[in-house]
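Protein chains in written order, with this note's numbering: chain A, 1 to 357; chain R, 1 to 177; chain C, 1 to 396.
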Amino acid sequence: MHFVPYLHEQILSAWPVSVVVLLIALIGAGIMLAWVAVVALVAVWAERKVSAHMQARLGPMYVGGFHGWLQTAADGLKLFLKEDIIPAMADKWLFIQAPVLVFGGALLAYAAIPFGPKLVVSDINIGVFYILAVSAIVAIGIIMAGWASHNKWSLYGGMRTAAQFLSYEIPSALHLMPVIMYAGTLNLGEIVQSQETGLFGWGGIFGWYAFRNPFLFLSFICYYISSLAETNRTPFDLPETESELVAGFHTEYTGIRFSFFFMAEYADMFVVAALSTLLFCGGWNCVLPRSVQFVPDPVVFVLKCSAFIFLTMWLRWTLPRFRVDQLMALCWKFLIPLGLLNIVGSGLWMYIFGQVK
Amino acid sequence: MNDEVKAGEPNPPLINNSMKFRTEDAFPVLRSRFGDTVRSLSDTQPDRYILVQSDALPEICKFLRDDPDWQCNLLHCITGLDQAETLAVVYHLFSMPKRHFVVLKIEVSKDSPIVPTLADIWPSADWLERETFDLLGIVFEGHPDLRRILLPDEWIGHPLRKDYEMPTHEKLRGLGL
Amino acid sequence: MTGVDEEAMDADLKSLGFRVEERRTLASGSDELLVNMGPQHPSTHGVLRLLLRTDGEEVQEAVPSVGYLHRAAEKIGENVTYDAYTPYTDRLDYLSSMNNNWAWAMTVEKLAGIEVPQRAEYIRVIVAELNRIASHLVMVGTYGIDLGAFTPFLLTFREREEILDILEEISGGRLCYGYIRIGGVTDDITPTFAAKCRAFLRQYVPKLDAINELLSYNRIFIRRTANVGPLSAERAVAYGCTGPTLRASGVDWDLRRDEPYSIYDRFDWNVCIGRGEKGTVGDTWDRYMVRVREMYECVKMCEQALEGIPEGPFRAKMPRKFKPPIGECYFRAENPRGELAFYVVSDGSKKPVRVKVRAPSFCNLSAVQELTRNMLVSDLVAVLGSFDLVMGEVDR
């Protein structure tokens with residue numbers, strides 16, 4: 001991080017470098033946590049309002065005044081005050097660690113998400129790879145929760161997650177490959193920057209990878225679908241189906257532990273929306289070319305992520321859910337072959353149109 | 001109908017109902033085929049029934065189900081009755097192709113209320129007989145799985161009997177309920 | 001396993017028909033699980049308990065255990081008078097109270113030879129069909145939730161609120177009405193009733209089309225329900241299934257057309273049958289779609305009945321101490337769930353000697369055990385929802 005040498009030389013020269021690094025890391029973690037809290041607050045409220053208006057009702061209206069915007073805070077406070085129940089036969093250590101892993105995995109991914117050029121907690125060169133890898137920790141947490149609850153229904157939820165999450169990791173990664181091929185780098189900031197020019201150097205919306213070639217457009221759609229499965233959102237919300245498994249893997253969780261799962265879902269949703277934005281939709285570049293952009297970068301970025309989150313919520317409240325074998329069939333028989341096809345197709349396109357770097 | 005209907009008077013003709021009961025027509029056919037096991041045709045109003053000997057019941061039912069004139073393929077209802085000295089079971093058989101009902105009835109003593117099962121003739125008899133066993137204590141011989149269905153398994157007694165005494169709270173707690 | 005009451009588990013399993021040795025085998029290392037889909041479960045639609053023997057996610061056998069809602073309705077029938085039994089019939093299948101009341105009223109009317117005035121007949125048809133629409137709306141909404149589509153539930157219940165408001169206006173109740181009595185109806189309809197009904201029916205059909213578009217022809221919904229749990233016509237009749245469940249299996253049988261009671265023979269409408277459009281005849285999509293299509297037919301019937309309500313009394317003159325003649329009577333009516341039948345034995349006194357309720361959901365449920373072999377848990381939920389069971393009438 002380039003803050004480290006600056007801070008070390010100018011202000012804290014008395015301290016060893018490692019302490020400065022730790023300080024920066026802690027500040028960064030604090031910023032991430034604050035942002036996740038804000039995202040969870042807003043996203044939960046937005047979900048309730050979006051779902052309400054789609055269902056001909058109003059949603060939260062009272063708490064905090066304007067359309068109940070503090071409802072999530074009130075619910076969070078209520079959850080904090082609830083009794084912490086651990087089932088007598090549950091595997092206590094695993095039961096306690098599971099929400100930590102789930103929330104931690106979702107939180108860790110924020111370290112590599114840039115909100116603007118250089119506006120990132122940790123500007124690592126393997127950004128995409130890091131986010132995909134760290135998101136997989138969530139799966140371990142869910143399986144742990146399912147097993148440790150000592151409840152066969154939770155076990156079903158955990159097992160379904162194991163199958164679903166690990167299967168959909170593959171099409172997620174495969175559909176991101178064409179973008180990486182085009183950009184030539186795994187660094188998220190550089191990927192966004194490479195979307196500034198495109199189609200005769202005009203930039204703007206034509207620079208976005210989603211519209212560069214038909215295979216990339218297909219990748220965009222398929223990546224979005226795989227990401228829905230990664231975050232357990234309908235139509236892929238089998239692990240937590242209310243109607244079949246009571247509440248799936250988090251049936252036995254109460255209070256703060258449940259709120260960890262709950263926040264982690266919305267945090268994960270933002271991560272995935274962010275990845276879609278950064279890789280396919282120009283990140284913090286707005287629709288117009290870079291030279292005439294007047295809106296600040298983080299604002300554009302957050303707006304785009306919000307659009308994806310809105311789409312995710314829209315789909316949740318419209319579509320029924322898949323059965324587990326249909327879900328697996330979709331992944332293995334459809335998305336993965338399509339992913340491989342996209343890689344080959346994009347590669348050929350790049351070769352034919354001379355875009356190989 | 002302005003006054004109290006006097007008991008015993010015949011009913012006026014049925015208004016607006018096309019349920020066809022052909023119990024009267026079935027009686028001579030069954031009598032000629034199964035002899036004295038088909039005991040009598042009742043004269044109850046408005047629905048009559050054929051009183052049948054209980055061990056002849058499965059054959060009679062099979063005949064009613066398979067015979068092309070009768071084709072009673074739907075067992076509509078099995079009712080257990082507690083008549084003062086005896087227990088009775090009433091069967092309402094319906095024919096979907098022919099659209100008619102035939103009503104059979106058997107009577108058994110309260111000391112040994114054993115009736116042959118019809119579960120192998122109509123699968124719907126399975127649960128209907130379990131219910132009759134549960135509430136009245138009529139044992140269906142040959143039933144694949146005769147156990148209580150509506151009441152808890154540990155329940156003692158058969159509530160629909162006229163001499164059933166509702167258990168006190170203490171007795172219920174003794175049952176673990 | 002430590003800390004588990006082995007004896008209690010054995011007793012419990014025995015009460016469901018499982019052999020105790022099976023449980024020991026399962027506990028000691030085979031891959032099968034015994035999962036309890038308990039009386040409290042979001043998708044058993046009431047207090048139904050299913051014990052599933054599963055191999056992973058595939059259900060090998062599902063044993064139903066009923067009786068959690070048993071309220072001794074038949075025993076009560078021996079202790080109250082005929083007219084006083086009407087509210088108990090409300091609570092059998094609490095989603096279609098008007099139809100239950102009607103079946104009971106008609107049974108006693110057949111027993112005692114009571115003639116119902118024409119105005120009462122028309123009113124009965126209108127409220128019963130409205131109740132049928134309300135009942136099917138519940139099925140459609142909750143079925144969507146079972147399969148993960150949360151929005152149609154809100155839309156169907158919004159429409160149902162309109163119906164409940166209309167029925168509350170004339171009967172005073174929203175769910176259990178006690179409106180249709182022996183001899184007619186409790187009280188005359190209000191002057192605004194007909195106008196409100198017409199207004200509702202007029203705006204209802206486009207909404208039903210919207211719900212159809214959202215759910216019935218959705219590709220994911222079809223993939224979840226087509227070819228799942230097909231019940232052949234022959235097995236359906238053998239198990240005593242009636243109503244939309246039977247019609248979905250392709251059997252062309254509807255009491256309102258084939259054995260018309262009351263004034264049903266005066267209306268022009270169609271019977272909806274399952275044809276296996278999206279898969280096999282008698283699969284869950286058929287069972288669901290038959291109910292959706294029936295709602296259109298109910299609208300037609302209501303509109304025709306509203307046209308023709310004559311003036312006149314709304315109830316036959318019933319004696320204060322009603323004592324039917326000695327005899328016994330069996331009568332059945334077409335309920336939203338099937339054929340509800342009452343068997344009444346009378347000895348000339350003011351209380352029945354025996355009341356037997358033949359509930360459609362009881363017989364429909366008995367078919368579930370055979371139907372749900374070797375299917376996934378998700379499919380089991382879909383099949384259960386499509387049978388549209390109400391435990392109130394299964395257990396009585």
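Think of the CB as a built atom: it goes at the ideal place given N, C-alpha and C, for glycine as much as any other residue.
Of the residues assessed, C/Phe150 falls on the buried side of the cut-off, its CB having 16 or more other CB atoms within 10 angstroms. Under the rule that a run must span 4 or more residues, the alpha helix (DSSP H) segments found entirely inside the stretch 222–285 of chain C read 233–238, 244–248 and 255–258.
Under the 8 Å Cβ criterion, the stretch 205–221 of chain C does not count as touching the stretch 366–376 of chain C, having fewer than three qualifying pairs.
Residue contact with chain A for C/Ala149: present (Cβ-Cβ distance below 7 Å to some residue of chain A). Between A/Leu94 and A/Ile140, the C-beta gap is not smaller than 7 Å, which leaves the two residues out of contact.
Interface annotation, C/Tyr239: in contact with chain R, CB-CB separation under 7 Å. In the three-state scheme derived from DSSP, where H, G and I count as helix and E and B as strand, R/His92 is classed as strand.
Below 8 Å, enough C-beta pairs join the stretch 332–339 of chain C and the stretch 84–104 of chain C to call them touching: three or more. For R/Lys105, there is no enclosing alpha helix (DSSP H); the residue is found in the beta strand (DSSP E) stretching over His100 to Ser109. The beta carbon of A/Leu315 does not come within 7 Å of any beta carbon belonging to chain C, so the residue lies off that interface.
Rounded to whole angstroms, the separation of the alpha carbons of A/His67 and A/Leu303 is 20 Å.
Not one beta carbon of chain C lies nearer than 7 Å to the beta carbon of R/Gln71. In terms of Cβ geometry, A/Pro178 and A/Leu216 form a close pair [threshold 7 Å]. Rounded to whole angstroms, the gap between the alpha carbons of A/Pro298 and A/Gly116 is 6 Å. In the DSSP annotation of this structure, the continuous segment of the alpha helix (DSSP H) that includes A/Leu94 starts and ends at Lys92 to Leu108.
Note on A/Ile85: under 16 other CB atoms within 10 angstroms of its CB, so exposed under the neighbour-count rule.
Within the stretch 38–71 of chain R, the residues whose Cβ lies closer than 7 Å to some Cβ of chain C are Thr44, Gln45, Pro46 and Asp47, listed in chain order. Using a C-beta cut-off of 8 Å, the stretch 98–106 of chain C makes contact with the stretch 82–89 of chain C, since at least three inter-stretch Cβ pairs fall below that distance. Under DSSP, C/Arg71 shares a beta bridge with no residue. In the three-state reduction of the DSSP assignment, R/Asp36 falls in the helix class.
For C/Leu154, at least one C-beta of chain A is nearer than 7 Å to its own C-beta. Boundaries cannot be given for A/Phe211, as no alpha helix (DSSP H) includes it and DSSP labels it neither H nor E. Sequence-distant Cβ neighbours of A/Val39 in its own chain, meaning closer than 8 Å and more than five residues away, are Tyr266, Ala267 and Phe270. By the neighbour-count criterion, in which a residue is buried when 16 or more other Cβ atoms sit within 10 angstroms of its Cβ, C/Glu121 is buried. Counting C-beta pairs closer than 8 Å gives fewer than three between the stretch 248–267 of chain C and the stretch 193–209 of chain C, which falls short of the contact rule. In the DSSP assignment, C/Val140 falls within the unbroken alpha helix (DSSP H) covering Gln118 to Asp146. The DSSP-derived three-state label of A/Val63 is coil. Contact annotation: in the stretch 50–69 of chain A, residues whose CB is within less than 8 Å of a CB in chain C are Ser51, Met54, Gln55, Ala56 and Arg57. Pairing C/Asp395 with C/Leu50 gives a Cβ-Cβ distance that is not under 7 Å. Put simply, the stretch 253–263 of chain A touches the stretch 66–81 of chain A. At least three CB pairs are less than 8 Å apart. Separation of the CB atoms of C/Met295 and C/Phe267 is rounded to 15 Å, and the pair is thereby denied contact status at 8 Å. Judged by their CB atoms, C/Asp146 and C/Val299 are not nearer to each other than the 7 Å cut-off. Non-local beta-carbon contacts of A/Asp237 in its own chain, meaning distances under 7 Å to residues more than five positions away in sequence, involve Arg321 in chain order. Flagged as an interface residue toward chain C: A/Thr234, by a C-beta distance shorter than 7 Å. Counting the other Cβ atoms within 10 Å of the Cβ of R/Ile114 gives fewer than 16, which makes it exposed.
The three-state secondary structure of R/His76, taken from DSSP, is strand.
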